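So the structure is just underneath, and the comments pick up after that.
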Amino acid sequence: NEAHLRRTLDNYAAIEWLNTNTPKDAKVLFYDDVRGFYLDRFFVWADYNHSSWIDYSSLSDRILLTKWLRKERFGYALINLNQVWSSRFANDTPPRNREYEAFNSWYVNHPDLSANSQDWRKPIYGAAKSGLWKPVYAKNGVLILQIGDTP
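Be aware that the sequence shown starts at -7, since it is given in this note's numbering, and climbs by one per residue.
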């Protein structure tokens, strides 16, 4: 039942929010998560290693990536900070109940992430830092960003 899902699936509340608060034709990117079964919207796994459809090598800055995603009508990104925490930042405090702080620390302002070998993440960081992608929901260590239009 839904109470069980809310208790055991860290992204379920975010998926409920998307199902309730976005247009029926909304498209959603999933970062650091592949569990979209309960989402009643079109979604893609957007991590570089899950999606060859998004050509991160040619969409190498925040404007290019955002323009392309908006052209493809993507309006939201779900980021599971719990997965990021367990794989990269396990020495830090878990992201639950501090999603915005964790996102800003790990995604937007963290020098190692912006300079590391995962260059495909750089335009995501840039888009969030510049305000092109804005946080609209956070719960249980999962963050939803709305992808805005480029100037």
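Yeah, the Cβ is synthetic: ideal placement off N, Cα and C, and Gly gets one too. Since we're looking at a predicted model, the values are computed, not measured.
- For the pair R27 and L137, the Cα-to-Cα distance works out to about 17 Å.
- Beta-carbon to beta-carbon, Y99 and P127 are separated by about 11 Å, too far to satisfy the 8 Å threshold.
- Restricted to the segment 9 to 51, not a single alpha helix (DSSP H) segment is unbroken, complete and at least 4 residues in length.
- Looking from the CA of Y23, the closest CA among E8, T142, R54, L135 belongs to L135.
- Contact between P115 and L56 holds, since their C-beta atoms are separated by about 7 Å, short of 8 Å.
- The Cβ atoms of G140 and R54 lie no closer than 8 Å to each other.
- Taken atom to atom, the span from the alpha-carbon of R88 to that of A120 is near 20 Å.
- In terms of Cα proximity to L61, the closest of L(-3), N132, L124, G133 is L124.
- The secondary-structure analysis by DSSP pairs V134 across a beta bridge with N72, K131.
- With fewer than 16 neighbouring CB atoms inside 10 Å of its own CB, A(-5) falls in the exposed class.
- Nearest Cα to Y68 within the set V36, K131, S52, Q75: V36.
- Here L21 really is in contact with A38; their C-beta atoms are around 4 Å apart, less than 8 Å.
- Beta bridge pairing from DSSP links K126 with Q138.
- Relative to N132, the option among W45, N74, S43 whose CA is nearest is N74.
- Remark: C-beta atoms of D2 and N72 approach each other more closely than 8 Å.
- The beta carbon of I46 sits closer than 7 Å to the beta carbons of A38 from its chain, once the five residues preceding and following it are set aside; these are given in chain order.
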